[in-house]
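Q: Residue numbers (UniProt numbering): 1 to 650. Every residue gets a Cβ at the ideal spot worked out from N, C-alpha and C, and that includes glycine.
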Ligand code: WTA
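1) In three-state DSSP terms, what is residue 299?
2) Cα separation between residue 439 and residue 155?
3) Let me make sure I understand the geometry here. Which of 454, 540, 617, 250 has the alpha-carbon closest to that of residue 551?
4) Please name the residue in 479, 48, 399 whose C-alpha comes closest to that of residue 61.
5) Sort 589, 269, 639 by Cα distance to residue 502 and report the nearest one.
6) Could you check the C-alpha separation between residue 521 and residue 420 for me, to the nearest Å?
7) Apply the 10 Å Cβ neighbour rule to residue 496 and answer buried if 16 or more other Cβ atoms are within range, or exposed otherwise.
8) Which of helix, strand or coil does DSSP assign to residue 489?
9) Taking DSSP's pairing of strands, which residues face residue 606 in a bridge?
10) Express the C-alpha separation of residue 364 and residue 555 in angstroms, rounding to a whole number.
11) Look at the alpha carbon of residue 487 and the alpha carbon of residue 614, and state the distance between them as a whole number of angstroms.
12) Nearer than 7 Å: is that true of the beta carbon of residue 172 relative to any heavy atom of the ligand WTA?
13) By alpha-carbon positions, which one of 260, 316, 135 ends up nearest to residue 216?
14) Which one of 124, 333, 88, 12 has the shortest CA to CA distance from residue 193?
15) I'd like the list of long-range same chain contacts for residue 314, defined as Cβ closer than 6 Å, with 5 residues on each side in sequence excluded.
16) For residue 441, verify whether its CB is less than 7 Å away from any heavy atom of the ligand ADP.
17) From the DSSP secondary-structure annotation, give me the bridge partner or partners of residue 597.
18) Taking residue 163 and residue 139 to be in contact with their CB atoms under 8 Å, please state how far apart those CB atoms are, rounded to whole angstroms.
19) Below 8 Å, can you find three or more Cβ-Cβ pairs linking the segment 122 to 130 to the segment 146 to 161?
20) Go through the segment 349 to 380 residue by residue and report every complete run of the beta strand (DSSP E) that reaches 3 residues or more, in order.
21) Going by C-alpha distance, which of 411, 372, 220, 226 is nearest residue 16?
22) I'd like the span of the alpha helix (DSSP H) that includes residue 110, first residue to last.
23) Would you check if the segment 443 to 457 and the segment 19 to 27 touch, i.e. whether three or more CB-CB distances between them fall below 8 Å?
24) Counting only beta-carbon separations shorter than 8 Å, does residue 446 have a partner in chain D?
25) May I have a chain-ordered list of the beta strand (DSSP E) segments no shorter than 3 residues that lie completely inside the segment 169 to 250?
26) Less than 7 Å between the CB of residue 501 and some heavy atom of the ligand WTA, yes or no?
27) Where do the ends of the alpha helix (DSSP H) carrying residue 399 lie?
28) Less than 7 Å separating the Cβ of residue 516 from some heavy atom of the ligand WTA?
29) Report all residues from its chain with a CB closer than 8 Å to the CB of residue 3; omit the five preceding and five following residues, and keep chain order.
30) Taking the Cβ atom as the reference point for each residue, do residue 515 and residue 508 lie within a distance shorter than 8 Å?
31) Return the first residue and the last residue of the alpha helix (DSSP H) that residue 36 is part of.
32) For residue 146, report the span of its beta strand (DSSP E) as first-last.
33) Less than 8 Å between the C-beta atoms of residue 587 and residue 169, yes or no?
Take a look at the structure:
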């Protein structure tokens with residue numbers, strides 16, 4: 001991000017030491033843990049794994065043949081058992097596991113006993129539909145309790161789930177179902193969003209026209225009469241009907257540590273989203289320990305991660321991490337501004353939330369709305385704040401600390417990715433002195449480096465590429481059905497080293513400062529979108545000859561999508577075409593990928609070999625002086641484009 005230049009960050013010198021209360025009570029407050037983990041990585045993770053239940057203990061903690069890792073080799077476990085049965089057996093049957101708030105204001109509190117019963121029943125439902133160990137199940141749902149219940153039911157019987165964010169379009173859903181070759185789809189008639197209905201079943205029906213592997217569809221009734229839906233006899237089933245007769249006991253399947261737990265699709269540098277593969281044992285241990293230490297979970301804490309479960313943050317820190325710890329996790333269906341802009345703070349007040357974990361884009365939105373909204377509510381229950389998803393600017397950090405945390409709560413800025421499965425760079429709240437805007441340092445046992453083009457570590461305050469030099473338990477095990485892409489994407493830039501795709505620098509104290517993506521991935525409001533995905537969606541429209549998509553700085557979203565488009569002969573540029581194309585992208589991908597700006601151009605700046613020079617387009621869109629243009633085939637194209645852009649942008 002251009003406003004996140006190294007120069008600007010160097011001026012950031014405020015520090016915040018851990019509040020004394022944390023030093024006395026935190027679950028992890030011994031700094032020596034960093035050295036211990038560095039000296040004995042395997043022993044460190046084995047100790048964490050020892051807190052959990054295994055049907056059979058692992059033989060070897062780690063087998064590492066770069067780029068392939070196996071963790072807890074030979075171990076047998078079940079993550080749903082660890083998230084539910086383990087706690088019920090330990091006397092927490094009546095403890096709240098999930099506190100759910102629907103957007104219209106309805107609420108449900110499910111105890112550990114309740115969730116275990118529902119999960120077991122739904123696991124039996126899946127079996128009755130013919131789902132067997134290893135079969136993939138796609139989940140396309142609103143933020144309702146049936147979503148984690150469905151995930152845990154899959155995990156219980158060893159059927160990998162693949163959750164598709166409810167904001168994705170029918171076509172995006174279809175492609176993901178087909179890539180995973182899923183047998184069953186679980187969805188809902190709709191979900192609530194700002195008082196409107198998200199027509200999930202209608203989208204699903206459209207997708208299902210092109211998904212030959214799907215045999216059954218289970219539909220949760222969420223909006224009911226408000227949105228009647230089409231039902232296909234034999235294929236579609238109401239969730240509540242199937243559940244009514246399902247037996248309440250289902251033995252958990254003892255899974256191998258390296259058995260597939262889930263696939264989650266994310267954007268990369270090509271047009272096709274990647275199915276990130278996570279396995280059972282290591283992912284369980286990694287999410288368990290990071291949740292426990294980073295969020296300093298205590299038995300009576302109420303933890304709220306505001307992400308959608310359709311993203312990795314929701315998988316790891318709404319569902320698996322908190323439940324593996326026996327914590328109380330909050331889920332909210334709707335948006336922060338409905339019915340009013342204090343909704344989040346009303347939820348914190350109502351459930352006495354102790355720990356909140358949200359995204360910088362949300363914080364910048366709250367800043368814009370003003371401190372009067374949080375000030376209306378009693379936020380005194382909060383003791384720890386977290387952020388994730390994109391670099392947080394120091395102003396937003398300070399605002400969060402002051403107006404949400406009342407100046408007393410540490411802020412944990414956590415860096416990680418869909419691929420990493422768990423948080424990797426983060427403060428530990430009782431140990432780390434915080435610097436606003438810095439994710440601080442790697443979690444114990446995590447080895448991060450910053451390298452230059454030549455693969456040499458950079459000096460203090462020099463920018464470079466963030467890499468990971470040692471394996472960690474929750475790391476991705478591959479890209480589903482695309483083994484070569486796994487190697488090429490993450491392990492080929494520097495052999496044996498994981499390439500994150502992020503830029504970073506380290507200051508003189510060893511603190512990491514993330515600088516944003518260095519590849520063709522845009523981070524819009526904390527959502528990862530590939531430029532090629534949006535370009536493919538644009539050129540799919542019959543009017544478009546060529547398109548180039550870039551990320552431009554945006555005050556609230558961090559980045560927004562800008563598209564430069566060349567139309568085919570016979571099509572007219574103008575406001576109408578802009579609308580048509582934006583709509584087309586929404587249809588192909590979903591509203592999250594709608595371009596903010598579309599600029600028509602007769603030609604795109606290209607090198608003599610025909611490569612579009614996105615770098616120059618970024619310079620134009622950011623209003624910067626154009627960088628090196630000597631490799632361009634035609635110098636006049638870019639000059640004309642710059643002038644047009646400036647005219648249109650006013
Ligand atoms: C970015 C989300 C700076 C980064 C968990 C990464 C961050 C991408 C931070 C992964 C942070 C995430 N500071 N940047 N604290 N957290 N990112 O896969 O660019 O949706 O590569 O996973 O988000 O996005 P993803």
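A: To lay it out plainly:
1) DSSP places residue 299 in coil when its eight states are reduced to three.
2) Cα to Cα, residue 439 sits roughly 32 Å from residue 155.
3) The shortest C-alpha to C-alpha distance from residue 551 to any of 454, 540, 617, 250 is the one to 617.
4) The candidate whose alpha carbon is nearest that of residue 61 is 48.
5) That would be 269, whose Cα lies nearest to the Cα of residue 502.
6) For residue 521 and residue 420, the distance between alpha carbons rounds to 16 Å.
7) Classified as exposed, residue 496 has fewer than 16 neighbouring CB atoms from the shown chains inside 10 Å of its CB.
8) Reduced to three states, the DSSP call for residue 489 is helix.
9) In the DSSP secondary-structure assignment, residue 606 is bridged to 612.
10) Their Cα atoms are separated by approximately 8 Å.
11) One C-alpha to the other measures close to 25 Å.
12) Not one heavy atom of the ligand WTA lies closer than 7 Å to the C-beta of residue 172.
13) Here the closest residue by C-alpha is 135.
14) It is 333.
15) 307, 308.
16) This structure lacks the ligand ADP; the ligands present are the ligand WTA.
17) Beta-bridge pairing links residue 597 to 562.
18) The beta carbons of residue 163 and residue 139 sit about 5 Å from each other, so the pair counts as a contact at 8 Å.
19) Judged by Cβ distances under 8 Å, the segment 122 to 130 makes contact with the segment 146 to 161, as three or more pairs qualify.
20) Counting only runs of 3 or more, we get 355 to 358.
21) That would be 411, whose Cα lies nearest to the Cα of residue 16.
22) In this chain, residue 110 is not harboured by any alpha helix (DSSP H); it is covered by the beta strand (DSSP E) spanning 107 to 111.
23) Fewer than three beta-carbon pairs drawn from the segment 19 to 27 and the segment 443 to 457 are found closer than 8 Å, and the two stretches are therefore not classed as touching.
24) Among the chains in the structure shown there is no chain D, since it carries only a single protein chain.
25) Fully enclosed beta strand (DSSP E) runs of 3 or longer: 184 to 188, 191 to 193, 196 to 198, 216 to 220, 236 to 238.
26) Yes, the Cβ of residue 501 comes within 7 Å of a heavy atom of the ligand WTA.
27) 394 to 399 is the span of the alpha helix (DSSP H), which, as asked, contains residue 399.
28) At least one heavy atom of the ligand WTA falls within 7 Å of the beta-carbon of residue 516.
29) Legend: pLDDT at residue 3 = 48, less than 50; position of this residue unreliable, no value from coordinates given.
30) For residue 515 and residue 508, no; Cβs fall outside 8 Å.
31) Per DSSP, residue 36 is one residue of the alpha helix (DSSP H) stretching across 33 to 39.
32) Element bounds for residue 146: not the beta strand (DSSP E) but the alpha helix (DSSP H), 146 to 157.
33) Yes, these two residues count as a Cβ contact at 8 Å.
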